[in-house]
Amino acid sequence: MYYKTINIPIVLEIGENIFVHLDDILKKNHIYFKEKILITSLELKDLYKTSVDKLSFDDIIFIKGGSYEEAQEVMKSITNRDALFVAFGGGSIIDAVKLVANTLDLTYITVPSTLSNDAIYSPIARLVKDGKKQSFGVKAPLGIIADVNIIKGSPKKLILAGVGDLVSNASAVKDWLLAHADRGESINNFALALASLSGNSVIPYTIDDIRTPRFIGDLANGLVISGLAMVLANSSRPASGAEHLISHAIDDLFPERATLHGLQVAWGHLLVEREFRQPESDYEKLLVFFERMKMLDEIERDITFSKEEVEQIILRAKTIRDRYTILSKV
Ligand SMILES: [Zn+2]
Numbered sequence: 000m001y002y003k004t005i006n007i008p009i010v011l012e013i014g015e016n017i018f019v020h021l022d023d024i025l026k027k028n029h030i031y032f033k034e035k036i037l038i039t040s041l042e043l044k045d046l047y048k049t050s051v052d053k054l055s056f057d058d059i060i061f062i063k064g065g066s067y068e069e070a071q072e073v074m075k076s077i078t079n080r081d082a083l084f085v086a087f088g089g090g091s092i093i094d095a096v097k098l099v100a101n102t103l104d105l106t107y108i109t110v111p112s113t114l115s116n117d118a119i120y121s122p123i124a125r126l127v128k129d130g131k132k133q134s135f136g137v138k139a140p141l142g143i144i145a146d147v148n149i150i151k152g153s154p155k156k157l158i159l160a161g162v163g164d165l166v167s168n169a170s171a172v173k174d175w176l177l178a179h180a181d182r183g184e185s186i187n188n189f190a191l192a193l194a195s196l197s198g199n200s201v202i203p204y205t206i207d208d209i210r211t212p213r214f215i216g217d218l219a220n221g222l223v224i225s226g227l228a229m230v231l232a233n234s235s236r237p238a239s240g241a242e243h244l245i246s247h248a249i250d251d252l253f254p255e256r257a258t259l260h261g262l263q264v265a266w267g268h269l270l271v272e273r274e275f276r277q278p279e280s281d282y283e284k285l286l287v288f289f290e291r292m293k294m295l296d297e298i299e300r301d302i303t304f305s306k307e308e309v310e311q312i313i314l315r316a317k318t319i320r321d322r323y324t325i326l327s328k329v
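Using numbering that gives the first Met the number 0, the letters of the sequence shown correspond one by one to residues 0 to 329.
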């Protein structure tokens with residue numbers, strides 16, 4: 000009999016005050032390495048010093064994150080071939096560790112300090128190389144340990160960016176179905192279902208919920224499942240459609256005006272639904288949700304482009320990669 004198999008994370012723990020119990024969690028899940036190396040920022044290490052001091056790290060490497068060149072430097076300093084990296088930080092730090100671990104063929108787990116995008120469990124790293132943000136295919140982590148208390152303390156704007164990234168799956172899924180209908184692109188129905196369901200997981204919430212354990216748990220689980228959809232499809236397709244192309248186009252054309260990935264994606268999602276998906280658009284529904292989440296304030300504060308600039312962004316988005324989306328029909 001034939002079955003399709005996928006690698007799923009060995010450990011997925013989401014709970015309050017669990018970072019300090021990292022050693023026990025690894026032991027409980029039979030994860031043993033000769034060395035355990037924490038890779039984080041100096042700020043986070045200082046902020047969570049009491050927990051870090053209680054944990055048995057063999058080494059701590061401080062990085063800023065988000066840079067390909069910095070990741071290359073880190074690689075040079077790693078000599079141990081039996082080490083587990085613990086990536087503790089936001090998307091930029093996690094993405095840098097992903098590249099390091101992938102290139103050296105070492106294992107890593109993620110401990111997100113916030114949930115600003117689906118970096119926590121995805122097979123893709125976004126890093127600035129030669130001054131431009133680029134995507135790198137990498138191995139997904141061995142596990143995710145999401146401490147609700149740490150995430151709760153992160154800025155509201157970052158959490159809302161994570162919401163934007165997750166909810167945009169609805170747009171990505173539409174584009175995948177469109178590519179199937181118009182071009183015969185093959186669809187993995189399990190990946191499609193995972194992306195679609197996870198994208199809906201935070202829809203019932205409002206801005207008043209964002210610091211509650213339930214919301215943070217659902218957002219974390221949603222982002223992980225969304226990442227799993229990408230692992231299963233062996234592509235970012237399930238979670239990246241026209242709205243992601245638009246975000247990448249902003250990074251390309253206006254790097255100095257770029258903001259958080261999740262907010263750009265949310266802006267692109269609204270734009271696509273309003274301008275291009277009529278008459279079967281979900282624009283009104285999306286607007287109601289974004290209002291309930293007070294996301295429009297965050298989006299409008301950071302992202303303003305003139306009509307001509309929006310046209311430029313759309314033109315660039317269409318050519319950014321060979322991916323058929325609603326923009327291909329514009
Ligand atoms: Zn994304």
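All C-beta atoms in this analysis are idealised placements derived from N, C-alpha and C, irrespective of residue type, glycine included. These numbers were taken from a predicted model, which means no experiment stands behind them.
Set against 7 Å, the gap from the CB of N168 to the closest heavy atom of ligand 1 is not smaller. For D301, same chain residues with a beta-carbon under 7 Å away, outside a window of 5 residues either side, are T258, L262 in chain order.
Relative to ligand 1, the nearest heavy atom lies less than 7 Å away from the CB of S239. Around the beta carbon of I13, a 10 Å sphere encloses 16 or more other beta carbons of the protein chains shown; the residue is thus reported as buried.
Not one heavy atom of ligand 1 sits closer than 7 Å to the Cβ of H29. By the neighbour-count criterion, in which 16 or more other beta carbons inside 10 Å mark a residue as buried, G226 falls on the buried side.
For L114, there is no enclosing alpha helix (DSSP H), as DSSP marks it with neither H nor E.
Beta-bridge pairing by DSSP links T106 to L83. Distances from the CA of L218 to each of L114, N6, Y120, Y282 were compared; the closest alpha carbon is that of L114.
Contact check for F289 against A265 passes: the beta carbons are separated by less than 8 Å. Taken atom to atom, the span from the alpha-carbon of A238 to that of L191 is near 9 Å. Boundaries of the beta strand (DSSP E) around R125: 123 to 128. Take the alpha-carbon of T318 and the one of A180: they are about 21 Å apart. Shown here, D45 sits in a helix according to DSSP, grouped into three states. Here DSSP, grouped into helix, strand and coil, assigns T318 to helix.
Residue state for I7 is assigned as coil, using DSSP reduced to three classes. In this structure, H260 has its beta carbon less than 7 Å from a heavy atom of ligand 1. The count of Cβ pairs closer than 8 Å, one atom from the stretch 205 to 224 and one from the stretch 89 to 103, stays below three, leaving the stretches out of contact. Nearest to V110 by alpha-carbon distance, out of E272, G240, K284, L11, is L11.
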